[in-house]
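J.: Going down the list, the sequences are from chains A and B.
With UniProt numbering, you'll find the first sequence wraps up at 149, consecutive numbering, no jumps.
With UniProt numbering, you'll find the second sequence wraps up at 149, consecutive numbering, no jumps.
In this text, a Cβ means the ideal position worked out from N, Cα and C, and glycines have one as well.
This is the structure I want to talk about, given as structure tokens.
Number of protein chains: 2
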Amino acid sequence: MGLPDGAAEARAQGWRTLAALHARIEDELERALQKQHGLSVSEYSVLDVLARQDDYHLRMNQLSNAVVLSQSATTRLVNRLEDRKLLQRYLCPTDRRGIYTEVTEAGRELLDQAQPTHDAVLTSALEHAAELPELSPLVTALGKLPLTV
Amino acid sequence: MGLPDGAAEARAQGWRTLAALHARIEDELERALQKQHGLSVSEYSVLDVLARQDDYHLRMNQLSNAVVLSQSATTRLVNRLEDRKLLQRYLCPTDRRGIYTEVTEAGRELLDQAQPTHDAVLTSALEHAAELPELSPLVTALGKLPLTV
DNA sequence: ACTTCATGCTTGCATGCGCAATCATAGCGC
DNA sequence: GCGCTATGATTGCGCATGCAAGCATGAAGT
């Protein structure tokens with residue numbers, strides 16, 4: 001692929017490291033959020049993403065992209081959250097195919113409660129991972145990522 | 001948490017970036033491996049991990065850890081691969097509770113076929129991700145990870 | 001040897017996921 | 001307005017996963 005040969009193995013190893021770190025963190029997040037707030041990581045992500053939008057709403061499509069899930073999974077995810085009143089759907093006025101999703105007040109409250117848990121688990125998971133020699137370089141690299149302005 | 005306050009949001013953002021990159025890569029890998037070799041990412045990982053062991057075998061438990069899956073998922077994953085003759089189980093002679101798994105010749109052949117696909121997809125996925133401004137820093141960071149000796 | 005507890009793997013069950021098919025609305029050519 | 005295709009979301013279905021319970025083997029105490 002234009003790049004020297006040994007690079008393939010290097011990329012593969014980088015990917016394994018990334019995947020391992022991701023899996024560990026997600027595992028811990030999943031358990032903690034589920035246990036303490038009844039939220040899966042995907043559900044938390046949806047609320048988080050929506051709350052971070054300036055106008056608090058997104059279309060299903062954009063949501064799928066943001067959480068990297070299939071359309072169908074997104075539909076059902078939104079269903080679950082809507083059933084729990086954490087979320088509202090409403091038709092896009094200008095294009096009646098589109099559907100907007102918006103966090104409700106209850107949703108924001110739950111998110112506010114869950115955020116500290118999320119951050120704490122994340123911190124501890126990262127600290128924990130930093131102790132594993134094969135993961136620690138990636139952890140420190142993560143810490144040095146530039147923040148979007 | 002011992003660390004200054006704003007760090008929490010920085011960590012959260014790092015995590016979001018990591019998760020997004022991971023999801024995209026895994027998505028592409030999944031599709032390509034499934035289509036071209038009938039393997040899921042987990043299945044590929046198992047074969048890959050086993051083949052990378054010096055003596056080509058691991059216990060179920062170690063395998064669960066290596067691929068970060070639950071015990072039950074590992075059992076069924078190994079079942080599937082065993083049914084396809086890509087893998088063999090055999091009892092641990094010294095502790096009859098333990099079960100070793102070992103790649104078969106067919107398994108190694110399939111892995112050899114799949115590896116180029118895996119590497120190619122990985123490369124293109126990384127190149128693709130490097131074009132997204134929010135992911136590119138992590139991609140370059142990945143490339144700079146030290147290799148284990 | 002017998003009980004008790006720990007360890008390793010497997011099974012029952014419920015759930016979330018992706019794919020493909022489907023339905024509804026929009027946009028375009030005529 | 002009428003077809004035709006494109007786009008957005010939802011539903012049917014099969015499958016992989018996690019949790020918790022279960023079963024088998026090992027280890028330790030008596």
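1. Whole angstroms is fine: what's the gap from Leu18(A)'s alpha carbon to Leu21(B)'s?
2. If we ignore side chains and look at the alpha-carbon of each, how far apart do Ser40(B) and Ala8(A) end up?
3. Kindly indicate which three-state DSSP category Gln88(A) falls into: helix, strand or coil?
4. Work out the CA separation of Gly14(B) and Gly143(A) for me, nearest whole Å.
5. Quick one: any contact between the stretch 93–113 of chain B and the stretch 122–132 of chain B, if contact means 3 or more CB pairs under 8 Å?
6. Is the beta carbon of Arg59(A) sitting closer than 7 Å to the one on Gly6(A)?
7. I want to see whether chain A comes within less than 7 Å of Gly14(B), judged by CB atoms only; does it?
8. Between the alpha carbons of residue 153(B) and Asp27(A), how many angstroms are there, rounded?
9. Sorted by chain position, which residues of the same chain lie with C-beta nearer than 8 Å to Tyr100(B)'s C-beta, five sequence neighbours on each side aside?
10. Answer yes or no: does any C-beta atom of chain B fall closer than 7 Å to that of Ala23(A)?
11. If you draw a straight line from the alpha carbon of Ala51(A) to that of Leu86(B), how long is it in whole angstroms?
12. For Ser72(B) and Leu111(A), I'd like the C-alpha separation in whole angstroms.
13. What did DSSP end up calling Tyr44(B) once you bin it into helix, strand or coil?
14. Measuring CB to CB, does Ala66(B) end up less than 7 Å from Val49(B)?
15. Could you name the residues of the stretch 70–102 of chain A whose beta carbon sits closer than 9 Å to any beta carbon of chain B, in the order they occur along the chain?
16. Is Leu33(A) helix, strand or coil by DSSP?
17. Cα-Cα, which of Val139(B), Gln62(B), Arg11(B) and Leu29(B) is closest to Ala120(B)?
18. If I follow the unbroken beta strand (DSSP E) through Leu58(B), where does it start and stop?
19. In the stretch 63–126 of chain B, which residue ranges form an unbroken alpha helix (DSSP H) of at least 4 residues, counting only runs that do not cross its ends?
20. Please report how far the alpha carbon of Leu47(B) lies from the alpha carbon of Ala130(A), in whole angstroms.
21. Going by Cα to Cα distance, which pick from Tyr44(B), Asp54(B), Leu147(B) and Asp55(B) is closest to Thr117(B)?
22. Determine, for Arg11(A), whether the minimum Cβ-Cβ distance to residues of chain B falls below 7 Å.
23. On the three-state DSSP scale, how would you describe Leu145(A)?
24. Determine the chain B residues that contact Gly143(A) at a beta-carbon separation under 9 Å, and present them in chain order.
25. Just to check my reading of the structure: Arg11(A) and Leu122(B) have Cβ atoms closer than 8 Å, yes? What is that Cβ distance to the nearest angstrom?
26. Which residue's Cα is closest to the Cα of Gly38(B): Arg84(B), Val68(B), Arg24(B) and Ser70(B)?
27. Compare the C-alpha of Arg80(A) against each of Ser70(A), Ser42(A), Gln36(A) and Leu135(A) and name the closest.
T.: Inspection of the coordinates gives the following:
1. Approximately 9 Å between the Cα atoms of the pair.
2. Ser40(B) and Ala8(A): Cα-Cα distance of roughly 20 Å.
3. In the three-state scheme derived from DSSP, where H, G and I count as helix and E and B as strand, Gln88(A) is classed as strand.
4. Distance from the CA of Gly143(A) to the CA of Gly14(B), rounded to the nearest whole angstrom, comes to 7 Å.
5. Touching, no, given that fewer than three Cβ pairs across the two stretches are closer than 8 Å.
6. No, the Cβ-Cβ distance between Arg59(A) and Gly6(A) is not below 7 Å.
7. Taking Cβ atoms only, chain A reaches closer than 7 Å to Gly14(B), which makes this a yes.
8. In this structure chain B extends from 1 to 149, so residue 153(B) is not present and cannot be described.
9. Excluding sequence neighbours, Tyr100(B) sits near His57, Leu58, Arg59, Arg89, Tyr90, Leu91 and Cys92.
10. Interface residue, yes.
11. If I take the Cα positions, the gap works out to 47 Å.
12. If you take the alpha carbons of Ser72(B) and Leu111(A), they lie about 32 Å apart.
13. It is helical.
14. Against a cut-off of 7 Å, the Cβ pair of Val49(B) and Ala66(B) comes out as a contact.
15. Going along the stretch 70–102 of chain A in chain order, one finds no residue with a Cβ nearer than 9 Å to chain B.
16. Three-state result, Leu33(A): helix.
17. With distances taken between Cα atoms, Ala120(B) lies closest to Leu29(B).
18. Unbroken beta strand (DSSP E) run through Leu58(B): His57 to Arg59.
19. The qualifying runs are 71–83.
20. Roughly 27 Å between the two C-alpha positions.
21. Nearest neighbour of Thr117(B) by Cα position, chosen from Tyr44(B), Asp54(B), Leu147(B) and Asp55(B), turns out to be Tyr44(B).
22. It does; some Cβ of chain B falls within 7 Å.
23. Of the three classes helix, strand and coil, the one that applies to Leu145(A) here is coil, per DSSP.
24. Ala7, Ala10, Arg11 and Gly14, listed in chain order.
25. That pair is a contact at about 5 Å.
26. Measuring from the Cα of Gly38(B), the nearest candidate turns out to be Arg84(B).
27. Proximity to Arg80(A) across Ser70(A), Ser42(A), Gln36(A) and Leu135(A) peaks at Ser42(A), based on C-alpha coordinates.
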